[in-house]
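Sequences listed follow chains A and B, in order.
Just so we're aligned: 67 in the numbering used here is position 67 of the first sequence, and the numbers increase by one with no gaps anywhere.
If you want the numbering used here, it's the 1-based position in the second sequence plus 1000.
Idealized CB from N, CA, C, for every residue including glycine.
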Amino acid sequence: EAGVAQSPRYKIIEKRQSVAFWCNPISGHATLYWYQQILGQGPKLLIQFQNNGVVDDSQLPKDRFSAERLKGVDSTLKIQPAKLEDSAVYLCASSLDPVDALLTGAFFGQGTRLTVV
Amino acid sequence: SQKIEQNSEALNIQEGKTATLTCNYTNYSPAYLQWYRQDPGRGPVFLLLIRENEKEKRKERLKVTFDTTLKQSLFHITASQPADSATYLCALEGTGRRALTFGSGTRLQVQP
């Protein structure tokens, strides 16, 4: 079974530039999550999708971050404009549904390491 | 607000010993608690789940306990090996059955 795919693996941009990350979840997984992991911290949820609908985006800085999952499969997370404090690893995760994530865990991709200079 | 605490200091132990990691939480009563392993440059990998009505769960060399009175979970790795060296994260279901909330993780280093 293929895992969660993310690209790019690494990205370096200057502050105030824009950047986009892509995620393709495990086939059949209806729930998709984007997490931000700052160095030395645990992953922090940014947004949760159920199919193509947003379930929770309460911690997404909406003035600069946006995410979409138009066809309910792959997803894109965008930052515009980027700030220095956005330097982090952006992890995508998926599960069959939210309850399944609680019972059997979520599956994570390798992440995209973003450095803002 | 919900808070999860894990020891931020790295845990260094000798091969063959038992590693014990701690996860404490406040202002919440989760029905589920999970432990994940994260290697450098990789995403977290699910290891174990324990429910609020379970005191202990085992999987091979791993053991997890869940004390809802103390609001604490302990994660044990018996007969530890250098390959067990990684960061271990605990995660709780979010308030209102929301997505997982993670602790900051504890780095384990097993010396040969």
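Check, Outcome
"Within chain A, the residues that Y1032 (chain B) reaches when beta carbons sit closer than 8 Å", "L102, L103"
"CB of S1104 (chain B) within 9 Å of CB of Q1006 (chain B), strictly", "yes"
"Counterpart residues of S95 (chain A) in DSSP-defined beta bridges", "A:T31"
"P1112 (chain B) classed as buried or exposed, judged by whether at least 16 other C-beta atoms fall within 10 angstroms", "exposed"
"Contacts of E1056 (chain B) in chain A (Cβ-Cβ under 8 Å)", "Within chain A, no residue comes near E1056 (chain B); the closest Cβ sits about 18 Å away, beyond 8 Å."
"Min CB distance D63 (chain A) to chain B below 9 Å", "no"
"Meets three-Cβ-pair contact criterion under 8 Å: the stretch 1020 to 1035 of chain B and the stretch 86 to 97 of chain A", "no"
"Rounded C-alpha distance that separates T1065 (chain B) from T1106 (chain B)", "17 Å"
"Residue-chain proximity (L96 (chain A), chain B), Cβ-Cβ < 9 Å", "no"
"Straight-line Cα distance separating K44 (chain A) from Y35 (chain A)", "5 Å"
"Burial state of S75 (chain A) (16 or more Cβ within 10 Å)", "buried"
"Within 7 Å of chain B by C-beta, residues of the stretch 11 to 37 of chain A in sequence order", "Y33"
"Beta-carbon neighbours of G109 (chain A), restricted to chain B and to distances below 7 Å", "G1043"
"Selection from A:I13, A:G53, A:G109 that minimises the alpha carbon distance to Q1038 (chain B)", "A:G109"
"Member of A:D100, A:V89, A:L103 whose CA lies at the smallest distance from the CA of L114 (chain A)", "A:V89"
"Separation of L1108 (chain B) from R16 (chain A), as counted between CA atoms", "37 Å"
"Beta carbon of A30 (chain A) nearer than 9 Å to that of L46 (chain A)", "no"
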